[in-house]
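> In the numbering used here, the protein residues as written are -5 to 221. Heads up, the beta-carbon is just placed ideally off N, CA and C, and yes, glycines get one too.
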Amino acid sequence: MMRIIEHRFYAGVNIHCFRPALEATVDLGELTDRETSEFPGLSEQVLAVLPGLREHVCGLGKRGGFLIKLEKGTYFGHLAEHMAIELLTQVGVRPRYGKTRSTEQQGIYKIVIQCQWPNAALTALEMACEGINNLLAGHKLSFDIPKLEQILTKEKPGPSTAAIIEAAESRGIPVKVLGHGSLLRLGTGCYNRYIEATITGLTSCIGVDIACDKTITNKLINEAMIP
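1. Could you name each continuous alpha helix (DSSP H) segment of 4 residues or more that falls completely within the region 34 to 120, going from the start of the chain to the end?
2. Do VAL85 and LEU146 have their beta-carbon atoms positioned less than 8 Å apart in this structure?
3. Looking at ARG179: is its Cβ nearer than 8 Å to the Cβ of TYR185?
4. How is THR194 classed by DSSP in three states: helix, strand or coil?
5. Suppose contacts are defined by Cβ-Cβ distances below 8 Å. Is TYR91 in contact with ALA15 by that definition?
6. Please state whether DSSP places ALA156 in a helix, a strand or coil.
7. Kindly indicate if chain B contains any beta-carbon less than 8 Å away from that of ALA218.
8. On the CB-based measure, 16 or more other CB atoms within 10 Å of its CB, does HIS133 come out buried or exposed?
9. Going by other Cβ atoms of all chains shown within 10 Å of its Cβ, with 16 needed for buried, is LEU36 buried or exposed?
10. How about LEU25 and PHE60: do their beta carbons lie closer than 8 Å?
11. Look up ALA218 in the DSSP assignment and say whether it is helix, strand or coil.
12. Taking only the alpha-carbon atoms, compute the straight-line gap between ARG(-3) and LEU196 and give it to the nearest angstrom.
13. Exposed or buried, what is ILE220 when buried is set at 16 or more other beta-carbons lying within 10 Å of its beta-carbon?
14. Determine the extent of the beta strand (DSSP E) in which ALA18 is found, giving its start and end residues.
15. Return the first residue and the last residue of the alpha helix (DSSP H) that LEU25 is part of.
16. What is the residue span of the alpha helix (DSSP H) that GLU149 lies within?
17. Is THR94 near GLU75, with beta carbons less than 8 Å apart?
18. Give the C-beta separation of ILE79 and PRO89 to the nearest angstrom, bearing in mind that I take them to be a contact with Cβ-Cβ under 8 Å.
19. Please state the DSSP three-state secondary structure of ILE(-1).
20. Please determine, among CYS109, GLU65, VAL87 and THR182, the residue with the shortest C-alpha to C-alpha distance to ALA18.
21. Is DSSP giving LEU130 helix, strand or coil here?
22. According to DSSP, is ILE167 part of a helix, a strand, or is it coil?
23. Which value, in whole angstroms, describes the spacing of the CA atoms of GLN100 and HIS1?
24. Just verifying my parser: in three-state terms, what is the DSSP assignment at ILE189?
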């Protein structure tokens, strides 16, 4: 049974790509060394529910590249990666990077998905793994898209905050989303600035809000390595 055993989120430039990304460690279980081509009708069933997979370029560098690999035979970690990316695409997120790599442990793979919304990315990958398990168990493939949309909506910032993120990124300014999406930290070290919605750190309002949120306060203290 395919399952996620560990995951971490990179909020900025990382060892995989130049944008925020989710890295998940996945155990393929009984699907270790098995390929999609070994299961008759699997690709047709997956494409019936996620037709957008036909557009995925994958490593071949052309439209339909993933479809070729799927039909010829690819590992299930690779399939889960592309299914998760397509699920995110359906709710308005367009990941620009994805990668699946084997590890030194047999059947253990690292799946990386570029996405700045960690909860949405993790949920999409969990849905993909669960969908593969259900499909191979003889059940009909289906996904709870409204649930993924709800998680993304809670995680994404509002229009004002989104505009600030876009403007900062276009200028090469590092942006980190804190809390539930409205509190941002622009820049790093002594140059960092906090912004909450349309309120800047030049007021005491943000300091009060942070101090009232024990989770964010604890997180910032830990990041500053203060006991």
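Considering the structure as presented:
1. 36 to 43, 59 to 66 and 70 to 84
2. In the sequence shown, residue 146 corresponds to position 152, counting from 1. In the sequence shown, residue 85 corresponds to position 91, counting from 1. Against a cut-off of 8 Å, the Cβ pair of VAL85 and LEU146 comes out as a contact.
3. In the sequence shown, counting from the first residue as 1, residue 179 sits at position 185. In the sequence shown, counting from the first residue as 1, residue 185 sits at position 191. Not a contact, by the Cβ cut-off of 8 Å.
4. By 1-based counting over the sequence shown, the position of residue 194 is 200. It is a strand residue.
5. Indexing the sequence shown from 1 puts residue 91 at position 97. Indexing the sequence shown from 1 puts residue 15 at position 21. Result yes, Cβ atoms of TYR91 and ALA15 sit closer than 8 Å.
6. Residue 156 sits at position 162 when you count from the first residue of the sequence shown. In this structure, ALA156 counts as helix in the three-state DSSP scheme.
7. Note that chain B does not occur in the displayed structure, where there is just one protein chain.
8. Residue mapping note: residue 133 aligns to position 139 of the sequence shown, counting from 1. That one is exposed.
9. As a working mapping, residue 36 is identified with position 42 in the sequence shown. When all chains shown are included, LEU36 counts as buried.
10. The count along the sequence shown starts at 1 and reaches residue 25 at position 31. The count along the sequence shown starts at 1 and reaches residue 60 at position 66. No; because the gap between Cβ atoms is not below 8 Å, this pair is not in contact.
11. One-based indexing of the sequence shown puts residue 218 at position 224. For ALA218, the three-state secondary structure derived from DSSP is coil.
12. The residue given as residue -3 occupies position 3 in the sequence shown. The residue given as residue 196 occupies position 202 in the sequence shown. Answer to the nearest angstrom: the Cα atoms are 46 Å apart.
13. Counting from one through the sequence shown, the residue named residue 220 turns up at place 226. Its Cβ having fewer than 16 others within 10 Å, ILE220 is exposed.
14. Here residue 18 refers to the residue found at position 24 when the sequence shown is read from its first residue. DSSP places ALA18 inside the beta strand (DSSP E), whose first and last residues are 15 to 21.
15. Numbered from its first residue, the sequence shown carries residue 25 at position 31. LEU25 -> no alpha helix (DSSP H), and no H or E assigned at all.
16. Counting from 1 along the sequence shown, the entry for residue 149 is found at position 155. Start and end: 139 to 149.
17. By one-based count along the sequence shown, residue 94 stands at place 100. By one-based count along the sequence shown, residue 75 stands at place 81. Against a cut-off of 8 Å, the Cβ pair of GLU75 and THR94 comes out as a contact.
18. The residue you call residue 79 lines up with position 85 of the sequence shown. The residue you call residue 89 lines up with position 95 of the sequence shown. Their Cβ separation, rounded to whole angstroms, is 5 Å, which keeps ILE79 and PRO89 in contact under 8 Å.
19. Stepping through the sequence shown from its first residue, residue -1 is reached at position 5. Looking at ILE(-1) - three-state DSSP - the assignment turns out to be strand.
20. Your numbering for residue 18 matches position 24 in the sequence shown. Closest by alpha carbon: CYS109.
21. Here the question's residue 130 lines up with position 136 in the sequence shown. LEU130: helix per DSSP, three-state reduction.
22. Numbered from 1 along the sequence shown, position 173 holds the residue referred to as residue 167. Correct three-state label for ILE167: coil.
23. The count along the sequence shown starts at 1 and reaches residue 100 at position 106. The count along the sequence shown starts at 1 and reaches residue 1 at position 7. One C-alpha to the other measures close to 18 Å.
24. Reading the sequence shown from its first residue, position 195 is the one you call residue 189. ILE189 falls in the strand class under three-state DSSP.
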